[in-house]
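J.: Residue numbering for the sequence shown follows our numbering, beginning at 145 and increasing consecutively.
Every residue gets a Cβ at the ideal spot worked out from N, C-alpha and C, and that includes glycine.
Shown below is the structure under consideration.
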Amino acid sequence: MNEKRKIKVEDFLCLLVIICPILDIVSFIFRNVFDTSISPSTFLRPIIPIFVMIYLFFKNDKKFKIYTFGVGIIYLVYGLIHLYLFEKLQTGSSYSNVVHEAQYIVNYSFMILNLFVFIFVFKDRDSTKLKNSVIISMYIYIISIFISILTNTSSSTYIEGMGKKGWFESGNSIGTILILSLFIYMALLSIKKYRKVIILLIILLGIFLTIFLGTRVGLYGFILVLIIYMIVEIIYKLIAKAKINKKVIAICIFGVCAVILVVIAVGSTTLQRRKHLESIESNIIDENINAEAHVTGSILEIRNKIIDGTLEEGYMSDAEKKSILELYDICNENGITNNDQRTQQLIYNAMLVKNQKDPLAILFGNGYLNNFRELVMEMEIPAFLFNFGLIGFTLYFVPFLLIFAYGLYIGIKNIKKIDQEYMMLILGAGFVFAISFFAGYTFFNSSSMIIIVVINTLLVNKIINLKKEL
145 MNEKRKIKVE DFLCLLVIIC PILDIVSFIF RNVFDTSISP STFLRPIIPI
195 FVMIYLFFKN DKKFKIYTFG VGIIYLVYGL IHLYLFEKLQ TGSSYSNVVH
245 EAQYIVNYSF MILNLFVFIF VFKDRDSTKL KNSVIISMYI YIISIFISIL
295 TNTSSSTYIE GMGKKGWFES GNSIGTILIL SLFIYMALLS IKKYRKVIIL
345 LIILLGIFLT IFLGTRVGLY GFILVLIIYM IVEIIYKLIA KAKINKKVIA
395 ICIFGVCAVI LVVIAVGSTT LQRRKHLESI ESNIIDENIN AEAHVTGSIL
445 EIRNKIIDGT LEEGYMSDAE KKSILELYDI CNENGITNND QRTQQLIYNA
495 MLVKNQKDPL AILFGNGYLN NFRELVMEME IPAFLFNFGL IGFTLYFVPF
545 LLIFAYGLYI GIKNIKKIDQ EYMMLILGAG FVFAISFFAG YTFFNSSSMI
595 IIVVINTLLV NKIINLKKEL
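Set out below in structure tokens:
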């Protein structure tokens, strides 16, 4: 009789990857059907990583215990100081309170915990189960989305009713998850046993991302990843002096052409959304210049009240008022469109740090949710720097940057020894930064966070294995 396979600690982490879409759906149902801000997913999601961390803590030696405890204290102290400064700098225009701000601190700290746990557990181990878990998870995502579309129960991507995002909270987040997952398994197209499963998954993802979702991340991201993989395949074969797999190249070319043809023939919600935004640009008129405004209507109203001296006492600090005035002038001088909120957020937050002149805020952050609602930064990387400070930027973002930089260095140094998977993972790690900067809410979302952690875990494993061969 065959002995039953022993459940290993990595199996729990693979399970976490698989159930991410289920937890997301449960969260969406509780928030939108039962109209509650609390969902079981909030409590269920951390259980596995915390359980694994406790297991590792007691299993390993004293040095490991001291190291992990010390790092934990650093993150805890930073979080407490950040929240203290948040409350100190809060004004009447702040988007939310200290409890909501604490959620960001917890989520980003939880992200680093996941990164550590995944890398430590999968170090020097076969990553096949982890890759398979991602594929299973993506099938759950995409099948549930198409069921929601077919049953007419899908939520809209935008408040205007445009786009479909299934039973998920954010269109940008679901698009990011599906796009980033491609970097994990597309390299497996060269393996025959995976080919049919992955091709079907890519087709389903492509239909949803380019036609139904309605975000630029979905449409342009999918096309870009297909092109990236095609280039990677060609470069790898040229370096290895091997025969180029014409089937794989043909699949990528067909995929790109099919997307373009379908978008032209059927249309894309993304393009409809862009046309809608362009059509409403002229709705906001700035009477100060007798022309189309270059900031949003709400920001224009606040600016005018500051100039008139009618802004409510305590609604904004002097630094915030000055930053609003500078934002208005910069947007007018550079012809920024009034619906380009990301650019307005970036300009305002940069000006705010300059005008606050507060060393503690520069180090620990001035508070992510301390800004007026339209000026809360969607671009995550600048938000790490401006709103969470130099220390927050170092604690939350630099670990990923170091893995990417070291992986890039090792890859270039050993260019003739790396494979397609290594190239796709390093490009995926870099693509995370691009999406986080231009789209935002990439590291914060609990499920896209897991995909980012998996990409970096697989990359670290590839680096370790490559160094062993040297």
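1. Specify the secondary structure class of A437 as computed by DSSP and reduced to three states.
2. Anyone know if the C-beta pair for V265 and E154 falls short of 7 Å?
3. Rounded to whole angstroms, what is the Cα-Cα separation between M255 and Y248?
4. Between which two residues does the alpha helix (DSSP H) harbouring M374 extend?
5. Return no unless some Cβ of chain B is closer than 7 Å to the Cβ of I321.
6. Within this structure, are the beta carbons of G533 and G511 separated by less than 7 Å?
7. Which residue or residues does DSSP assign as beta-bridge partners of I429?
8. I'd like to know if the region 487-500 and the region 520-532 are in contact, where contact means that at least 3 CB-CB pairs between them fall below 8 Å.
9. Check whether the region 203-221 touches the region 496-503, counting contact only when three or more Cβ pairs, one atom from each stretch, lie closer than 8 Å.
10. Checking the sheet assignment: what are the DSSP bridge partners for S300?
11. How about the region 162-182 and the region 582-592: do they share at least three Cβ pairs that are nearer than 8 Å?
12. Roughly how many whole angstroms lie between the Cα atoms of I343 and Y373?
13. Out of G365, F366, I367, I393, which one is the CA nearest neighbour of I378?
14. Just to confirm my understanding: we take V400, look at its own chain, exclude 5 residues before and 5 after, and list those with CB closer than 7 Å. What are they?
15. Cβ atoms of A331 and Q485: under 7 Å apart, would you say?
16. Determine the DSSP secondary structure at T295, reduced to helix, strand or coil.
17. With DSSP collapsed to three states, give me the class of Y459.
18. Among F172, R189, L188, which has the Cα closest to the Cα of S181?
19. Rounding to the nearest angstrom, what Cα-Cα distance links H244 and A583 in this structure?
20. Just the Cα atoms here: how many angstroms apart are N276 and F213?
21. How many angstroms separate the CA atom of E522 from the CA atom of F541?
22. Alpha carbon to alpha carbon, how far is Y302 from I446? Give it in angstroms, no decimals.
23. Using a threshold of 7 Å, state whether the C-beta atoms of V361 and G319 are closer than that.
24. Could you name each continuous beta strand (DSSP E) segment of 3 residues or more that falls completely within the region 437-513, going from the start of the chain to the end?
25. Given a threshold of 16 other Cβ atoms within 10 Å of its Cβ, counted over all protein chains shown, does L159 qualify as buried or as exposed?
26. Report all residues from its chain with a CB closer than 7 Å to the CB of L513; omit the five preceding and five following residues, and keep chain order.
27. Using beta-carbon positions only, say whether I599 and G555 come within less than 7 Å of one another.
28. Could you pull the start and end residues of the alpha helix (DSSP H) that I225 belongs to?
29. Please identify the residue among N258, V278, K207, S298 whose C-alpha is closest to the C-alpha of F327.
30. Is G551 near L603, with beta carbons less than 7 Å apart?
31. The alpha helix (DSSP H) that contains D155, what's its start and end?
32. CB S461 to CB E524, shorter than 7 Å?
33. With distances taken Cα to Cα, identify the nearest neighbour of K152 among L322, L200, R189.
34. My parser needs the alpha helix (DSSP H) runs of 4 or more residues fully inside the region 544-614; what are they?
35. Report the residue from Y585, L545, T586, K560 whose alpha carbon sits nearest the alpha carbon of I570.
T.: Looking at the coordinates:
1. coil
2. yes
3. Cα-Cα distance, rounded: 10 Å.
4. 360-384
5. Within the model displayed, chain B is absent; a lone protein chain is all it includes.
6. no
7. E436
8. yes
9. no
10. K308
11. yes
12. 13 Å
13. Just measuring C-alpha positions, the residue of G365, F366, I367, I393 sitting nearest I378 is I393.
14. In chain order, I367, L370, I371 place their CB closer than 7 Å to the CB of V400, counting only its own chain and leaving out the 5 sequence neighbours on each side.
15. Their beta carbons are not under 7 Å apart, which means Q485 does not touch A331 by this criterion.
16. coil
17. coil
18. F172
19. 21 Å
20. 33 Å
21. 15 Å
22. C-alpha separation (whole angstroms): 26 Å.
23. Note that the C-beta distance between V361 and G319 is below 7 Å.
24. Within the region 437-513, no complete beta strand (DSSP E) run reaches 3 residues.
25. exposed
26. S238, Y239, S240, H244, E245, V520
27. No, the Cβ-Cβ distance between I599 and G555 is not below 7 Å.
28. 206-233
29. The candidate whose alpha carbon is nearest that of F327 is V278.
30. yes
31. 153-176
32. Annotated as distal: S461 and E524, with beta-carbon spacing of 7 Å or more.
33. L200
34. 564-582, 590-613
35. Selected option, being the one with the closest Cα: L545.
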